Amino acid sequence: MRSSKTLVFYPGTNKVTACNFLTRSVFECSPEVIGLLASWDEWASTAEIARAHGWSKAELNAVVPQLLDFSALVSAGSPLAEQETQFSGQWNWGLPTALMHFCVQDSEFMTIEQAEARQIERAGHVAQPDLLLKNAAGAIALPSALDDNELLALMAQRRTNRTAAAPTITAKQLSDCLFAGMGITGETSNCVGALPLGMTPSGGARNPYEAYVVALGVEGLEPGVYHYSAADHDLGRISANHLPKISELVGGQEWADAMPCLILLCASLERTMWKYEDANAYRVVLIEAGHIGQNMMLAATRHGLSACPTAALSHTAIKRLLGLDRLTDAPIYALTLSTPEPGPHSAGRSIN
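Residue numbers for the sequence shown follow full-length UniProt numbering, so the first one is 1 and each next one is one higher.
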């Protein structure tokens, strides 16, 4: 065994809190345990550590099982040891960025009812911040934005509606949404070779995203999981052990199970890491998902669809389904596509 290479410690009042960001394990420990972990930084047995650092076998036998449970200690040949090897070989953006990235994987999410109850309770004793900021009197009025502007009029129609009025969408509708977000429209080059030009801006033209489609009700497509190739504008069927409910991939959100289609945006972080060693590039990758998603939502609006975006993802389940085994392959964003129900739902809780 040895101590984990992905532990972070921060002090508190009369305690030290430790976090292994690869496993999202958080626990409290004493300074003595920190000393033990610091001295156990190379592969060694408990007997060797006892002899070298003055811990008795009884003391080690009492604490070692807990440290293994907390993933503070790593056993040689274990899955965690392999995961740490991947981390050291693939991750280039330092520990602070890794702490954020890995600790938000597979988060537990509240239901809509739980979230609403929490908002109501909070509003009872904490005033909401203003959601819009107005200028003072005398501000300069701008020309009307929506007059005779088809593009802005279309954009103004965009709504997120978590209802489905029909069980299917067409292949053309899906095609346009995928192309709007991911389509390749040209090529440029720099000092190291050719670079694709897409429908949205990409930091350094590194194009870190791939799109995957879980098609349950797309006319002309067998139900299944598909990879969208932006290079050729086509869909390749992925061999999956089972076709999951959409809610299984988006944090248990049951409304999603009525949707005919889910688009998953997964980042290949190594594409951007290859050029940019600065961890700020991680933020750029996240921003790019917003560019892609917005284009998809506008294409959906043009077809009378609602594209419902969500960042509530079941990361491990998605990676397993898609066969993404690299530590730097990261599900980031998802959108469902559907024909929305008209009428009173437009003012309901499922609209934003």
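Virtual Cβ for every residue (Gly too), placed ideally from N, Cα, C.
Remember, it's a predicted structure, so these values are computed and weren't measured experimentally.
Quick one: Cα of residue i to Cα of residue j, how far?
i           : j    : result
P167        : P260 : 6 Å
residue 358 : Y212 : Only positions 1 to 352 of the chain appear in this structure, which leaves residue 358 out of reach.
G217        : P96  : 41 Å
A267        : N280 : 15 Å
E84         : C103 : 15 Å
S202        : V250 : 25 Å
D232        : R158 : 28 Å
H101        : D147 : 43 Å
S346        : V63  : Any reading at S346 must be qualified, since the residue scores a pLDDT of 44, below 50, and its modelled position is unreliable; no value is offered.
residue 354 : Q253 : Any property of residue 354 remains undetermined from this structure, which presents the chain solely from 1 to 352.
R349        : A115 : Low per-residue confidence applies at R349: pLDDT is 42, beneath 50, and the placement is therefore not dependable, though the value from the model is reported in the following sentence. Approximately 11 Å, taken between the alpha carbons.
I169        : S338 : 6 Å
E277        : Y209 : 18 Å
According to DSSP, is residue i helix, strand or coil?
i    : result
S3   : strand
I246 : helix
S175 : helix
V126 : coil
P31  : helix
G181 : helix
E42  : coil
R237 : strand
So, at 6 Å on beta carbons, what are the nonlocal neighbours of residue i in its own chain, with the 5 sequence-adjacent residues on each side left out?
i    : result
G181 : I292, N295 and M296
K245 : D257
S25  : F70 and S71
F9   : V16 and A18
Below 7 Å CB to CB, which residues in the same chain sit around residue i once its five sequence neighbours on both sides are set aside?
i    : result
I332 : L265, C266, A267, L286 and A289
C29  : V16 and A18
A98  : F21 and W91
Could you give the C-beta distance for residue i and residue j, rounded to a whole number, given that I count them as a contact under 8 Å?
i    : j    : result
F87  : L22  : 6 Å
Y228 : L178 : 5 Å
G236 : A171 : Rounded, the Cβ-Cβ distance is 15 Å, inconsistent with contact.
A76  : W55  : Going by Cβ atoms, the distance from A76 to W55 rounds to 20 Å, so no, they are not a contact pair.
G198 : T185 : 7 Å
Pick out the complete alpha helix (DSSP H) segments inside the region 55-121, 4 residues or longer, and give them in chain order.
Entirely contained in the region 55-121, the alpha helix (DSSP H) runs reaching 4 residues are, in chain order, 57-69, 79-90 and 94-103.
Complete runs of the alpha helix (DSSP H) confined to the region 257-325 [at least 4 residues]
Qualifying alpha helix (DSSP H) stretches, in chain order: 269-275, 280-302 and 315-322.
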